[in-house]
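Before any comments, here is the structure.
There are 2 protein chains.
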Amino acid sequence: MRKVAIGIDIGGTNSVIGIVDEKGEVLSRGNIPTDKYDDINLYVNELSSAVKDCLKTIEEDIEVNGIGIGAPNGNHYSGTIEYAPNLKFKGVVPLVELLKEKFDYPVITLTNDANAAAIGEMIYGGAKWMKNFIMITLGTGLGSGIVINEEMVYGHDGFAGELGHVIVEKGGRKCGCGRRGCLETYCSATGIVRTIYDLLGDTMEPSVLREQVSSGTLSSKSIYDAAVAGDKLALEAFDFTAEKLGEALANAVAFSSPEAIFLFGGLANAGDMIIKPTKKYMEENLLKIYQNKVDIIKSELPGADAAVLGASSLVWQELRK
Amino acid sequence: MRKVAIGIDIGGTNSVIGIVDEKGEVLSRGNIPTDKYDDINLYVNELSSAVKDCLKTIEEDIEVNGIGIGAPNGNHYSGTIEYAPNLKFKGVVPLVELLKEKFDYPVITLTNDANAAAIGEMIYGGAKWMKNFIMITLGTGLGSGIVINEEMVYGHDGFAGELGHVIVEKGGRKCGCGRRGCLETYCSATGIVRTIYDLLGDTMEPSVLREQVSSGTLSSKSIYDAAVAGDKLALEAFDFTAEKLGEALANAVAFSSPEAIFLFGGLANAGDMIIKPTKKYMEENLLKIYQNKVDIIKSELPGADAAVLGASSLVWQELRK
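The listed protein sequences correspond, in order, to chains C and E.
In my numbering, each residue carries its 1-based index in the first sequence increased by 2.
In my numbering, each residue carries its 1-based index in the second sequence increased by 2.
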């Protein structure tokens, strides 16, 4: 009988379901729209049906060990989603409690998406034998999951690990959080687009990106393509992004001295274009005792299934305790 | 029979010994000069004799549970002191191994002084029921000890928790570590003296501190006294120190979301003069989810015995595991 865990990744648009075994093989997949529901009870009903449908498609004998959920602003301690700006469910949503009414598994647990990615990396990916590492997710914003002594760092209130909101530039760029100079205003898909705007304003340098701005096609992906093609502004934007990220990571290393830092998500797919200069700037800013000890590695979670793998891994992590 | 632990605090000048019970009562004290010895073997011989002498002075029945040592650059994993700049023992010194040849206790363990202070606070002081907190020691430099999920954060290599070397000002003040802009160049006994020099150069403001510079009596203590007496420059220096510290602590909170941050050592003795503005600047820089949750507290370890209490607490912490 194969042991499996149910992984659910809740995004603003879609909620993706995966039934995953201990090795990270996804036996069945499903999804429902998230943004169709204003009412959390209707959403949970629909989600539960979809999970049951997924389970039915598996023909071999399985033992379901639990449900792991990754969600924006998911709080591991309380099992609630709290004031997630990109979800229609407002206020504090007791998701774990509601799912416990539907399912009787030993583990039903929740955390935020970056933490889920970190645990996924530890259970299935490149961090398998690591006790101390940091996961940085470079999506629309910058998320982070920190593992110390083989345990996720949740902090006193369940909200630890917000490296996207470390202030790296006093009085710097305005951030969605209401403050200025947060790391994610520089190092994220939106951050690198803002850097291009800065550079376009600052110089007269010709660049294919100028046309993309006017045609509305500028994106982190188009900046990457331009950089690969040798566009000077695009290359400068990657270098600047890496400089900010490298400096911030050097400070993070002084905190927890990890074995490695993993990069995950859109910008991380730029591979060496972002990883090599980030490593260089990090090393330049590290205290001597940490130099040449900390790897920067692209996440080894497979792109399409990464989010549900991360979510499902919460179950195995919980059962290890 | 009273259970006791031996605490040894190794400083550049003196090594202080204390025999401490589980409640933090110091039953016997001793010390030997550290800087008299170039040879670690001679030092360990002398230290061992001094410890035995201390034990002999105790008349009641005791059960010795182990030895805990706090030392600059002490590595908990390897039990070695590594390249401590202010000790005469050069290179890597296998202190725990050498002490194990002299004593047969179940626990003989070592860490750096700031980590020892953090564990001391957790065992005997103000952090007794806390699972997540940060200790900042404001001495000649700035040291830190981070506790997460009730465990000391040592990191991959044993050197985690060097918040004194987080870079808070790119291209800022030169630091003894060879880089620029480290937190301890601003927030420490030497840092606040450097701030006074900056202010004396920057303004024409009259200040008692001008005479102290020429007479060579300027110190963090004299700056504190001047601030208490209302000296404008001294007050400005405290405000600037608190601003730098508050900003750095806000970033540290985004990492581990602690319940409290403890301040320890010389500058912390300035009490509200440093704590109140540091708290204010920290709150101003915190992400909303962390606001009004994190206390800044003066260490509750009693001044004179704080270092040996910290060292001895390593033994109880080790036995708890």
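Glycine included, each C-beta is placed from N, C-alpha and C at the ideal position.
Partner residues in the beta bridge of C:Ser-146, as assigned by DSSP, are C:Ile-138. DSSP, reduced to helix, strand and coil, places E:Val-6 within a strand of the structure shown.
For E:Val-18, the enclosing beta strand (DSSP E) has its first and last residue at 16-23. Inter-residue distance for E:Glu-48 and E:Asn-114 is about 21 Å (C-alpha atoms, whole angstroms). Look at E:Asn-88 here: in three-state DSSP terms it is coil, with no helix or strand label.
Sequence-ordered contacts of the segment 249-268 of chain E with chain C read Glu-249, Ala-252, Asn-253, Ala-254, Ala-256, Phe-257, Ser-258, Ser-259, Pro-260, Glu-261 [C-beta pairs closer than 8 Å]. C:Val-317 is a Cβ neighbour of C:Ala-7, given a cutoff of 7 Å.
Between E:Gly-68 and E:Val-95, the CB-CB gap reaches or exceeds 7 Å.
Runs of alpha helix (DSSP H) with 4 or more residues, each lying fully within the segment 202-234 of chain E, are found at 210-217, 222-230, listed in chain order.
The beta carbon of E:Gly-157 sits closer than 7 Å to some beta carbon of chain C. Residue pairing by DSSP puts C:Ile-169 in a beta bridge opposite C:Cys-184. Look at C:Ile-83 here: in three-state DSSP terms it is strand. For C:Arg-322, the enclosing alpha helix (DSSP H) covers residues 308-322.
Secondary structure note for C:Leu-303: it is in no beta strand (DSSP E), with a DSSP letter that is neither H nor E. Between C:Phe-266 and C:Ala-119, the beta carbon gap of about 5 Å places them in contact (Cβ cut-off 8 Å).
Look at C:Ile-19: its C-beta is not under 7 Å from any C-beta on chain E. Under the three-state reduction of DSSP, C:Pro-74 is assigned to coil, being neither helix nor strand. For a cut-off of 8 Å, the C-beta gap from E:Gly-72 to E:Gly-312 is around 5 Å, short enough to register as a contact. In the three-state DSSP reduction, C:Pro-279 falls in the helix class (H, G or I). At the C-beta level, C:Lys-104 and C:Ser-50 come within 7 Å of one another. Beta-carbon to beta-carbon, C:Leu-303 and C:Thr-280 are separated by about 19 Å, too far to satisfy the 8 Å threshold. DSSP lists E:Phe-135, E:Asp-297 as the bridge partner or partners of E:Ala-262. Distance from E:Gly-305 to E:Tyr-283 at the Cβ level is roughly 26 Å; contact not present, criterion being Cβ atoms closer than 8 Å. Rounded to whole angstroms, E:Tyr-156 and E:Ala-162 show a C-alpha spacing of 5 Å. Under the three-state reduction of DSSP output, C:Leu-288 falls in the coil class, being neither helix nor strand. Among the CB atoms of chain E, one or more fall inside 7 Å of the CB of C:His-167. With fewer than 16 other beta carbons inside 10 angstroms of its own, E:Arg-322 counts as exposed. For E:Val-230, the number of other beta carbons within 10 angstroms of its own is below 16, and it is reported as exposed. Following the DSSP letters along the chain, one finds C:Asn-114 in no beta strand (DSSP E), marked with neither H nor E. With a contact defined as Cβ atoms closer than 8 Å, E:Glu-186 and E:His-167 qualify at about 7 Å. In this chain, the beta strand (DSSP E) harbouring C:Val-28 covers 28-35. By the criterion of at least three beta-carbon pairs nearer than 8 Å, the segment 183-197 of chain C is in contact with the segment 144-151 of chain C. Note that the segment 285-300 of chain C touches the segment 255-274 of chain C; at least 3 beta-carbon pairs, one per stretch, sit closer than 8 Å. In terms of Cβ geometry, C:Leu-211 and C:Leu-235 form a close pair [threshold 7 Å]. Per DSSP, the continuous alpha helix (DSSP H) segment holding C:Tyr-45 begins and ends at 42-58. Along the segment 110-125 of chain E, there is no position whose C-beta sits under 7 Å from a C-beta of chain C.
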